[in-house]
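I have placed the structure first, in the form of structure tokens, so that the comments after it can refer back to it.
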Amino acid sequence: MTVLVVVLGGAIGAPLRYLADVFVQSRHDSDFPWGTFTVNIVGSLVLGVTAAAVVELGSPPWVLAFVGTGICGALTTFSTFGYETVRLLDEGSVLAAAANSVASIVVGLGACAGGFAVASTLL
Amino acid sequence: MENDEKRPRGPLHADVLAVISAGGSLGSLGRWGVGELLPWSGTTFPWATFVVNVSGALALGVLMVFVLEVWRPHRYVRPFVGIGVLGGWTTFSTYALEARDLLAAGRPATAFAYVGGSLVAGLVAVWLGILAARLLVPSSHQEVPW
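Line order of the protein sequences matches chains A and B.
Numbering-wise (the working numbering), the first sequence opens with residue 1 and increments by one.
Numbering-wise (the working numbering), the second sequence opens with residue 1 and increments by one.
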């Protein structure tokens with residue numbers, strides 16, 4: 001069961017990341033990787049809310065495996081985040097690389113922790 | 001939205017999405033498997049996610065050199081391996097949740113080591129992957145940057 005929902009979640013999350021990236025990147029002209037930034041923040045927020053919901057509502061384990069490990073895991077990416085940051089460094093955009101790293105981590109962690117806290121309070 | 005001319009249409013074909021989806025399934029399954037092999041207590045360093053994220057970053061560095069500088073690969077290679085498998089293999093959301101959990105568990109030092117260590121190791125891994133791949137390919141193919 002767990003294996004199946006992880007596979008299904010991954011099948012949903014990965015193309016969602018790609019579509020979101022294409023959509024976000026088509027909306028601006030800068031080199032900053034807003035597409036990856038956006039999916040990573042949204043996925044972190046959703047995972048924070050889901051983790052809190054599982055704790056508060058006593059949801060079955062497959063919910064976290066499906067939404068967390070599957071959908072959010074595949075929606076977000078660390079490899080592309082790292083690659084795009086190194087690409088910015090290689091192009092000499094040290095500030096943009098630093099901004100991408102710090103903002104992704106601070107906003108991503110904040111979204112996850114904030115989503116967890118709000119969901120814990122409401123549920 | 002559907003009529004937006006700025007939106008690239010080429011990459012939005014259903015077959016490419018299906019290939020990404022299949023890759024995402026495989027990568028996610030692998031990441032879940034590593035998590036089963038290296039279970040996390042909630043208070044210690046999250047090695048499973050660290051391992052998938054750093055190894056995925058290394059692999060993407062290698063792949064991108066081959067895709068951009070060496071081959072003219074089949075059009076499914078980058079969507080399947082880069083966006084699907086490696087995107088599904090690595091994760092940012094679990095990285096964030098584990099850091100949150102470590103902070104909530106009163107382990108700020110471990111959280112800091114995990115967050116900073118993953119970032120530094122991930123960036124070095126991409127760079128090493130690129131260097132290693134370039135060492136393996138003829139210099140005449142090293143013209144195309146990124």
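In this text, a Cβ means the ideal position worked out from N, Cα and C, and glycines have one as well.
Straight-line gap, D31 of chain A to L68 of chain B (C-alpha atoms, nearest Å)
As a first step, residue 31 of chain A is located in the first sequence; it is residue number 31 there, counting from the start. As a first step, residue 68 of chain B is located in the second sequence; it is residue number 68 there, counting from the start. One C-alpha to the other measures close to 18 Å.
F81 of chain A versus M1 of chain A: straight-line alpha-carbon distance, rounded
Indexing the first sequence from 1 puts residue 81 of chain A at position 81. Indexing the first sequence from 1 puts residue 1 of chain A at position 1. Between F81 of chain A and M1 of chain A, the C-alpha separation is close to 31 Å.
Counted within 10 angstroms of its Cβ, other Cβ atoms place D15 of chain B as buried (16 or more) or exposed:
Indexing the second sequence from 1 puts residue 15 of chain B at position 15. Exposed, by the Cβ-count rule.
May I ask you to verify whether the stretch 59 to 69 of chain A touches the stretch 19 to 31 of chain A, counting CB pairs closer than 8 Å and requiring at least 3?
no
DSSP state of D29 of chain A, grouped into three classes?
The residue labelled residue 29 of chain A in the question sits at position 29 within the first sequence. In this structure, D29 of chain A counts as coil in the three-state DSSP scheme.
Please list the partners that T43 of chain B has in chain A, where partner means a Cβ-to-Cβ separation under 7 Å.
For the purposes of this step, residue 43 of chain B is taken as the residue at position 43 of the second sequence. Result: empty, since nearest Cβ-Cβ is about 16 Å, beyond 7 Å.
Can you list, in chain order, the residues of its chain whose CB lies under 6 Å from that of G68 of chain A, leaving out five sequence neighbours each side?
Stepping through the first sequence from its first residue, residue 68 of chain A is reached at position 68. Here the set comprises L47 and T50.
When you compare each of A:G9, A:G43 and A:T85 to I71 of chain A by their alpha carbons, which one comes out closest?
By one-based count along the first sequence, residue 71 of chain A stands at place 71. Minimum Cα-Cα distance from I71 of chain A among the listed residues A:G9, A:G43 and A:T85 corresponds to A:G9.
May I have a chain-ordered list of the alpha helix (DSSP H) segments no shorter than 4 residues that lie completely inside the stretch 10 to 43 of chain B?
14 to 37
Measuring CA to CA, which of B:G117, B:T94 and B:A105 is closest to L109 of chain A?
The sequence position of residue 109 of chain A within the first sequence is 109, counting from 1. The shortest Cα separation from L109 of chain A among B:G117, B:T94 and B:A105 belongs to B:T94.
Supposed contact pair L26 of chain B and L60 of chain B - C-beta distance, whole angstroms, cut 8 Å:
Here residue 60 of chain B is taken as the residue at index 60 of the second sequence, counted from 1. Here residue 26 of chain B is taken as the residue at index 26 of the second sequence, counted from 1. The Cβ separation is near 15 Å, so there is no contact.
Do T36 of chain A and E84 of chain A have their CB atoms nearer than 7 Å?
Taking the first sequence and counting its residues from 1, the one referred to as residue 36 of chain A is at position 36. Taking the first sequence and counting its residues from 1, the one referred to as residue 84 of chain A is at position 84. Yes, the Cβ-Cβ distance between T36 of chain A and E84 of chain A is below 7 Å.
From which residue to which residue does the alpha helix (DSSP H) around A48 of chain B run?
Within the second sequence, residue 48 of chain B is the residue found at index 48, counting from 1. Per DSSP, A48 of chain B belongs to the alpha helix (DSSP H) from W47 to V65.
For a contact defined as C-beta to C-beta under 8 Å, what are the partners of L29 of chain B on chain A?
Numbered from 1 along the second sequence, position 29 holds the residue referred to as residue 29 of chain B. The answer, in chain order, is V3, V6, V7 and G10.
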